[in-house]
Amino acid sequence: MNYALVSVALPMITVVLLFLVAAPVYSRLQTLVTGGLVIIITVISLSTSWLALLEAAAQSTTSYLAIGGWEDGLAIRFRLTPVVALMLTFTALIHLLLALYGTFSRHGVPKDYWSLSCFLHGSLAALWLSADLFNLYVTLELLSLSAVALVALAGPGAWKPAADYLLLSLAASLCYLFGVALIYGRYGLLDIAMLTVVVNDDLITRLALLLMTAGLMLKAALWPLHLWLPAAHASAPTAVSALLSALVVKAPLFILWVLWSQVAPPVMAQQIGPVFALIGILALVFGGFSAMRTPYLKVLVAYSTVAQLGYALMALGLLLAWQQPEMNSALWLFVIAHGLAKTSLFLAAGQMQTTLGTKRISGLRGATQTTPIAMFAFAVAGGSLIGLPPSGGFLAKWVLLEPLLSQPQNWPWVLGILLGTLVSAAYIFRLVVMAFDRARINPPDISSDHVGQWLALVPAVLVWGMALAGEQLIQLLGEGI
Amino acid sequence: MSNLATALSWILIAAGIGFFLTGALGLLRFPDIFTRLHAVTKTDTAGMGLLAAGLAIQAADLLDTLLLLFIWFLVMGSTSISCQLLARYSLERDPIDEFSLPNEQADSIKTGISKTGSKSAQQIKPTRENATQGRGDHG
Amino acid sequence: MNSGAFYLSVGMAVFLIGLHGLLVLQDNLRRVIAVNLMGAGVFLVLVALATRTDPVDPVLQALAVTGLVVAISATAFALRLVSARIRHQQHKTKPDDGRLSSHKDKPR
Amino acid sequence: MAELVLDITLAVLLLSMAWGALHAPIINNGIGLFVAFGIVLALTWARLGAPDLALAEAAIGAGLTGVLLLHAARAIPVPTATTVMRPLQMMPSILLILLVLGLLTVITSSGPDSVFQQTPPLPDLVEERIADSGVEHPVTAVLMNFRAWDTLLELFVLLLALFGVRQLFPGQRVITRTGTQLSAADKPVKVQPWPPLMAWMGVLAPLLVLTGGYLLWHGSTAPGGAFQAGAILAAAAAVLHLIQNLPALRWSLWPVRALICGGALLFLVVAISTAWLGAGWLHYPQPGNKLLIVTIEVIATLSIAVTLALLVTGDSDDFTR
Chain F
51 MNYALVSVAL
61 PMITVVLLFL
71 VAAPVYSRLQ
81 TLVTGGLVII
91 ITVISLSTSW
101 LALLEAAAQS
111 TTSYLAIGGW
121 EDGLAIRFRL
131 TPVVALMLTF
141 TALIHLLLAL
151 YGTFSRHGVP
161 KDYWSLSCFL
171 HGSLAALWLS
181 ADLFNLYVTL
191 ELLSLSAVAL
201 VALAGPGAWK
211 PAADYLLLSL
221 AASLCYLFGV
231 ALIYGRYGLL
241 DIAMLTVVVN
251 DDLITRLALL
261 LMTAGLMLKA
271 ALWPLHLWLP
281 AAHASAPTAV
291 SALLSALVVK
301 APLFILWVLW
311 SQVAPPVMAQ
321 QIGPVFALIG
331 ILALVFGGFS
341 AMRTPYLKVL
351 VAYSTVAQLG
361 YALMALGLLL
371 AWQQPEMNSA
381 LWLFVIAHGL
391 AKTSLFLAAG
401 QMQTTLGTKR
411 ISGLRGATQT
421 TPIAMFAFAV
431 AGGSLIGLPP
441 SGGFLAKWVL
451 LEPLLSQPQN
461 WPWVLGILLG
471 TLVSAAYIFR
481 LVVMAFDRAR
491 INPPDISSDH
501 VGQWLALVPA
511 VLVWGMALAG
521 EQLIQLLGEG
531 I
Chain C
1052 MSNLATALSW
1062 ILIAAGIGFF
1072 LTGALGLLRF
1082 PDIFTRLHAV
1092 TKTDTAGMGL
1102 LAAGLAIQAA
1112 DLLDTLLLLF
1122 IWFLVMGSTS
1132 ISCQLLARYS
1142 LERDPIDEFS
1152 LPNEQADSIK
1162 TGISKTGSKS
1172 AQQIKPTREN
1182 ATQGRGDHG
Chain D
21 MNSGAFYLSV
31 GMAVFLIGLH
41 GLLVLQDNLR
51 RVIAVNLMGA
61 GVFLVLVALA
71 TRTDPVDPVL
81 QALAVTGLVV
91 AISATAFALR
101 LVSARIRHQQ
111 HKTKPDDGRL
121 SSHKDKPR
Chain E
18 MAELVLDITL
28 AVLLLSMAWG
38 ALHAPIINNG
48 IGLFVAFGIV
58 LALTWARLGA
68 PDLALAEAAI
78 GAGLTGVLLL
88 HAARAIPVPT
98 ATTVMRPLQM
108 MPSILLILLV
118 LGLLTVITSS
128 GPDSVFQQTP
138 PLPDLVEERI
148 ADSGVEHPVT
158 AVLMNFRAWD
168 TLLELFVLLL
178 ALFGVRQLFP
188 GQRVITRTGT
198 QLSAADKPVK
208 VQPWPPLMAW
218 MGVLAPLLVL
228 TGGYLLWHGS
238 TAPGGAFQAG
248 AILAAAAAVL
258 HLIQNLPALR
268 WSLWPVRALI
278 CGGALLFLVV
288 AISTAWLGAG
298 WLHYPQPGNK
308 LLIVTIEVIA
318 TLSIAVTLAL
328 LVTGDSDDFT
338 R
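Chains as they are written, first to last, in my numbering: chain F, 51 to 531; chain C, 1052 to 1190; chain D, 21 to 128; chain E, 18 to 338.
So, in structure tokens, the structure goes:
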């Protein structure tokens, strides 16, 4: 547990130090210095969260830490389970990749990115660890404020989507808080572990969970409430939209999972399971359809986030419907595979956009010649999104499909997954085909930035490397909480 | 507490509330900003004073009474200052003709305006200069 | 107890007024006010639930104070964002020529 | 009977002002109604027996939010009627109907034998443990000791809001790299504000600082505490800014930055040192916890005051009026 505390406290300390020093980040040297500092911080927190993962995997029970030493109901509690430790490592890994991209690639990141990314890292770590409903509200608020500040970094053009994103996420947090208030009113408890024992199925609990689910679905941009996401993610700077899609939309999904698999009584969870699975399929189809239609590169990648979250929601739905703990590994493998693949997609898209000087997909003609490595990264990461065999995406889809194939009567879910695969293949290949069209090449405006393109390739290779660690990952995540 | 004192305090409180009501009525009915400001400020101060006095009679000990009077002092100060500020601000935004202006600005306008009562901006140029020295910066 | 239930429903009503305003109004400044009203509604519910115990439940009061400070910081940021955008729109004289950072097509 | 009348009037006021604040034809009327809503809400907190919240609501909810709103409303060029109703989309109306159903369930279920009837365990838990929490007032004990982690994240939320606001005006920031003074020509001409205003603010500002200090110190035994005191000090700063002799609060001056980051940094350092040396994360040592809590509260009040002052009055070199 001490390792986890280090990976929470470290980013917060760096944020305050960066504010105190307020070092100007204008010249190349200053970017290197600040970026170097953030890279060191993320490497340390990556190693500590890795140790925490090993520790959590070793011990069977989940370890709790009551903050301030007060007994159970009163104090806020941190809990460390394999899933939480894995998400801590995943957050540190994504922040490390983006810090490297920000320091060494030529286009880099806006100068205020560094302290805000440490803020995001700290609030995410606090969110994964926290086992208290109100504390989750405060960390959610910290998370969405830093995400909006990051989106607003892209200059006046991004201020309108940032304002809409902020207003909707504030309204969503207040819906969530309303649910927390009703739960406290009904049971007098805020601690999640103690609530699981006490909760029973009545009207107020249903209303509270409904409110919290509505708030969290709006924050995670799950299908019916996703309208703010494409504008916000497309207008944000490259590294920021990678951060948003890979991590920020996953935190509300994590809380949704905690709520429905732990807090809600099993009979209620079984009723909501099919609903989530159905919404997942609709998200896949409609998200994919919008991704196919949009003429803009970054909007395509943003809509593919909305679509891929459909997979995660379907895994959650089926997990709740059949109450089988090993479906957990499907859900979390999706989250990690999608995070890595989406980082690579956004970095590659950002590189191609700045090098070819166009925001439209039609401007990517001949990208395989002008920006070969970026296009390669895009295709490899796209392969994992579709779920081609040896990639992380395929691993998750395989774990999801396994129980479905064993019982023939739930063929509609298999049909939904295949439909989703088809749609995601459609919008990825739409772009790959455009890139191989070498007849009317769109000449690059500026010399391509090789370091940045190779950095965009790293997460794509990682997501394909996930298959190597497939067995341990499935076994680690299998037993659920 | 003798019932005479309670009766007196309730009379004072009723009078205070009466003042507040007339102030609100004045705010709704009066035509322009100056008269409405006048109505609200005067009745607020008087009503607050009566209310404070009425409550002070029922107050348990000296500390509460002093607290009530202190509140009344603050209300009196704030409302009068803000009323003056609002009046000067609206006067500076659209100066009205010279007849109803208070003393020193009235004659400066008289010297400024050759024709009778025309309110065109350039003719009352002088009043703008001396009005600015009194304008607080409402940044 | 009935005063608690009464204020519970008043809090819920204020929350609904705020939510309705947020969904219906177009002017962003008013939507910020709407979000503040939603916050006030939720805090009303919180404290209405707190009045069930004899000395009012301190935990819920602390939650409400914490929520209030979150609300003010979020509102300050939202207001500055909204007014910055309005000020930027005023100064934007030349038509937007598809510069990289700005994003013309608003996907519906 | 009297309580019922008070409840009904407060409820009617709250609902009508809430609706008016959103749908008043002119935006400034809307903001005025919202500030009045804040004050009536503070009255409701007092009626419901939550004095801490009443203080915080009056200082923060009605006061500072009102100033921020009016400041933002000045950015809108002409106060036109801005209640263009957006066509009521399908999705929001469905959401709304669901929530109205929720309202009915809440009312029906919170009748006399209501589901909420059973008393929650936490308040009596707080009563027992308050002796060794270092503070007598239960709300401050919960804020500063039992749920200290929430308050720590709270300070970071404030810090983040200020940082988010700061980078919205990168273009207009006039930080002279070499620190040379602005030339006399473009220094804003000092307009001497109206003398009686100066006099009254001269009385009001020290009074506000005094009240803030009293609230902070009294917070350990009675309603009050870091947030309420910080908000009142920020109000004092706003008042001083009105008469333009607020000392230059600039982000580029390191003491200002130190003050702003002080609260969050100290709390985090305490958390880490208790985890490392002491018994556990934010586990205050038993004898010294009152002193520790008071120092954290004082520094937190200063940082909250300066942060809110900067949020309300805006950094002087940040953007010119």
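A virtual CB, placed ideally from N, CA and C, is assigned to each residue, including glycine. Since the structure is predicted, the reported quantities are computational estimates derived from the model, not experimental observations.
{"Check": "Option nearest leucine 472 of chain F by Cα separation, candidates F:Gln419, F:Ser354 and F:Pro422", "Outcome": "F:Ser354"}
{"Check": "Three-pair Cβ contact test at 8 Å for the segment 39–50 of chain E versus the segment 221–231 of chain E", "Outcome": "no"}
{"Check": "When E:Leu58, E:Arg64, E:Ile77 and E:Asp24 are compared against isoleucine 249 of chain E, the one with the closest alpha-carbon", "Outcome": "E:Ile77"}
{"Check": "Chain C contact residues for tryptophan 217 of chain E, given Cβ-Cβ distances below 7 Å", "Outcome": "Gly1128 and Ile1132"}
{"Check": "Contact residues within the segment 148–170 of chain F, judged by C-beta distance below 8 Å to chain D", "Outcome": "none"}
{"Check": "Cβ shell of alanine 427 of chain F (< 6 Å), same chain only, five flanking positions each side left out", "Outcome": "Ser394, Ala398, Ala506, Leu507 and Ala510"}
{"Check": "Three-state secondary structure (DSSP) of tyrosine 53 of chain F", "Outcome": "helix"}
{"Check": "Classification of lysine 204 of chain E by the beta-carbon crowding that lies within 10 angstroms, buried from 16 upward", "Outcome": "Per-residue confidence for lysine 204 of chain E stands at a pLDDT of 49, beneath the threshold of 50, marking its modelled position as unreliable; the derived number appears in the next sentence. Lysine 204 of chain E should be labelled exposed."}
{"Check": "Short CB-CB distance (under 8 Å) between valine 62 of chain D and chain E", "Outcome": "no"}
{"Check": "Proximity test, Cβ basis, 8 Å: leucine 1136 of chain C and chain E", "Outcome": "yes"}
{"Check": "Simplified DSSP assignment, three categories, for alanine 178 of chain E", "Outcome": "helix"}
{"Check": "is_contact[valine 55 of chain D, chain E] using C-beta, thresh 8 Å", "Outcome": "no"}
{"Check": "8 Å Cβ cutoff, arginine 1080 of chain C in contact with chain E", "Outcome": "no"}
{"Check": "Check whether leucine 406 of chain F and aspartate 495 of chain F have beta carbons under 8 Å apart", "Outcome": "yes"}
{"Check": "For isoleucine 43 of chain E, the three-state DSSP class (helix, strand or coil)", "Outcome": "strand"}
{"Check": "Proximal residues of chain C, C-beta to C-beta of valine 220 of chain E below 8 Å", "Outcome": "Gly1128"}
{"Check": "is_contact[leucine 214 of chain E, chain C] using C-beta, thresh 8 Å", "Outcome": "yes"}
{"Check": "Arginine 50 of chain D classed as buried or exposed, judged by whether at least 16 other C-beta atoms fall within 10 angstroms", "Outcome": "buried"}
{"Check": "Cβ pair methionine 58 of chain D, leucine 224 of chain F closer than 8 Å", "Outcome": "yes"}
{"Check": "The segment 184–198 of chain F touching the segment 100–111 of chain F, judged by at least three CB pairs closer than 8 Å", "Outcome": "no"}
{"Check": "Per-residue DSSP class, three states only, for tyrosine 353 of chain F", "Outcome": "helix"}
{"Check": "Between the CA atoms of alanine 282 of chain F and alanine 1 of chain F - distance to the nearest angstrom", "Outcome": "Nothing in the structure corresponds to residue 1 of chain F, since chain F is present only between 51 and 531."}
{"Check": "The segment 288–319 of chain F: positions lying closer than 7 Å to chain D by Cβ", "Outcome": "none"}
{"Check": "Stretch pair the segment 54–69 of chain E + the segment 22–41 of chain E: three plus CB contacts closer than 8 Å", "Outcome": "yes"}
{"Check": "Closest residue to alanine 102 of chain F among F:Arg78, F:Val134 and F:Val71 (Cα-Cα distance)", "Outcome": "F:Val134"}
{"Check": "Residues sharing a beta bridge with aspartate 182 of chain F, DSSP", "Outcome": "F:Asp241"}
{"Check": "DSSP-derived helix/strand/coil call for alanine 1090 of chain C", "Outcome": "helix"}
{"Check": "Residue burial classification, aspartate 69 of chain E (beta-carbon count within 10 angstroms, cutoff 16)", "Outcome": "buried"}
{"Check": "Where leucine 472 of chain F falls: helix, strand or coil (DSSP)", "Outcome": "helix"}
{"Check": "For valine 30 of chain D, the three-state DSSP class (helix, strand or coil)", "Outcome": "helix"}
{"Check": "Three-state secondary structure assigned by DSSP to phenylalanine 1081 of chain C", "Outcome": "coil"}
{"Check": "Residues of its chain near leucine 195 of chain F, where Cβ-Cβ distance is below 8 Å and the 5 sequence neighbours each way are ignored", "Outcome": "Leu216"}
{"Check": "C-beta neighbour in chain E for asparagine 250 of chain F, strict 8 Å", "Outcome": "no"}
{"Check": "Beta-carbon contacts of threonine 71 of chain D that lie in its chain and below 6 Å, excluding the five residues immediately before and after", "Outcome": "Gly24"}
{"Check": "Whole-angstrom C-beta distance between arginine 105 of chain D and valine 213 of chain F, which should lie under 8 Å", "Outcome": "It should be noted that the sequence gives alanine, not valine, for residue 213 of chain F. Contact flag correct, Cβ pair sits at about 6 Å."}
{"Check": "Beta carbon proximity, phenylalanine 163 of chain E to chain F, threshold 8 Å", "Outcome": "yes"}
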